[in-house]
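Going by my numbering, the letters in the sequence shown line up with residues 360 to 781, in that order.
Report on the following structure.
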Amino acid sequence: MLDLRYIRTHPEEVRKAIALKGLSLDLDALLALDQEVLRLKQELQALQEKRNQTAKQVPMVPPTERERLIAEGRALGERIKTLEEVLKAKQEELEALLLKVPQLPWPGAPVGPDDSANVEVRRVGRPPEFPFPPLDHVALLEKNGWWEPRISKVSGSRSYALKGDLALYEMALLRFALDFMVRKGFTPMTLPSYARAFAFFGTGHFPAGRDQVWAIAETDLYLTGTAEVVLNALHAGEILEKKDLPRLYAGFAPAFRSEAGSFGKDVRGLMRVHQFMKVEQYALVEASLEESDRAFDLLLQNSEEILQALELPYRVVEVSTGDMGPGKWRQVDLEAWVPSEGRYRETHSCSALLDWQARRANLRYRDEEGRIRYAYTLNNTALATPRILVMLLENHQLKDGKVRVPEALVPYMGKGVLEPCG
């Protein structure tokens, strides 16, 4: 959510942001509604003042005049009640439109309608050259008995169940990621996989992304697709002190997405499933571009170091205005190499949102002058499974179908090679 005062005074900049992000929003209608709300507030205030003045006059006038003033007060009260209802409806309408206003993208963002306009910044590592015919990750899973195909009968499509060494490997990866984030000064947290609607509105997943979220029947809760939803709501309504910033969290939780609209995409294997595990980086910092940039570099560096520790070739991609989402100021994706596809696929998405989320979630702090300000927020994946397993299995496969374990994970696995499941 943008500051309404900024929208009023910089309408052309906001209009440009709407166009750059490919959104459907009538800014003129929003501004007109804003003016109507302001007019209604002024009219309501004038009526309330008049009613108060009338009430004060009642005991001061002769009895013959009191009945007229009392009747006038009642009429004013009815008018005020009606106007309050109209104002409330208009304010709710305005609030709904404000939730659709995007963050302005940073000046360095590539301009384009979708991911085709994303710009590769650099590549790290070289894709492997195999001296044998390599297998894709599904073939490796089947050859080694590392997954349970019966799970679709039990839990439906886009479900997965890992077995043997691969099940332990998934757990090892998640613990490795948490340990890594602790060494970087982040507070580790295990979190619920569900939250109330206000938390989804706070991150910007509602209202636009509601079709990706599963509601829990007969409750006011929804399943989260990232720990960011819960982490971003932790300090909602509080006023932190500047000395307590930045707040750096590494949140772990199972994540759920309906994958609505993705039928036919990545239906084989582990690339796109309904439930996955994720360690999420989250930063709450003071309202400073310098501090936001510093945190952005930190979150991005963490993810790059994780990919390097996993010995995966990857590339860094600057995300375009039309692909970054409405709330993003800046987004950089990391994409790891998938040998069977001959291309890079996203594993991490580092985002800076300035105060866009903070205004929605009411995340505030007190600065040195005692002023209450909205904080800035950032987030990035630390590690998500099972998608990362696709890259690990394919890039580290051996001639006999077994899979090498990166050196950084050997202490967690107690071995250097994943063995077939008996």
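Every residue, glycine too, gets a C-beta built ideally from N, C-alpha and C.
Fair warning: this is a prediction, and the values are worked out from it, not measured in the lab.
- Annotation for T585: A614, K637 and E639 place their beta carbon closer than 7 Å to its own, counting only its chain and skipping 5 residues before and after.
- Excluding sequence positions up to five before and after R704, its CB lies within less than 6 Å of the CB of E694 and V697, all in the same chain and listed in chain order.
- For L693, no alpha helix (DSSP H) encloses it; the enclosing beta strand (DSSP E) starts and ends at R689 to V697.
- For N739, the closest of L428, P770 and L657 by C-alpha to C-alpha distance is L657.
- Taking 9 Å as the cut-off, the Cβ atoms of E529 and L768 do not count as close.
- When V632, G681 and S710 are compared, the shortest CA-CA separation from R689 is found for S710.
- Judged by DSSP in its simplified three-state form, G610 adopts strand.
- Around the beta carbon of G563, 16 or more other beta carbons lie within 10 angstroms, which makes this residue buried.
- Comparing C-alpha distances from A556 to each of F535, E677, A526 and N591 shows the shortest one belongs to N591.
- Using a Cβ distance threshold of 9 Å, K459 and A567 count as a contacting pair.
- Beyond the five residues adjoining it in sequence on each side, A558 comes within less than 6 Å, by CB distance, of V588 and A592 in the same chain, given in chain order.
- Our two residues, S662 and L403, have alpha carbons roughly 53 Å apart in a direct line.
- With 16 or more other CB atoms across the displayed protein chains lying within 10 angstroms of its CB, N503 is buried.
- Straight-line spacing of the CA atoms in A576 and L582 works out to 11 Å.
- If only uninterrupted beta strand (DSSP E) runs of at least 3 residues are considered, those enclosed by the segment 498–564 are 546–549 and 553–555.
- Straight-line measurement puts the Cα of A448 at about 47 Å from the Cα of L533.
- Rounded to whole angstroms, the Cβ separation of P469 and S679 is 4 Å, and the two are in contact under 8 Å.
- Proximity to S383 across G684, V497 and Y735 peaks at G684, based on C-alpha coordinates.
- Closest by C-alpha distance to R732, out of F545, V644 and K687, is V644.
- The segment 496–511 and the segment 711–721 do not touch, with fewer than three beta-carbon pairs separated by less than 8 Å.
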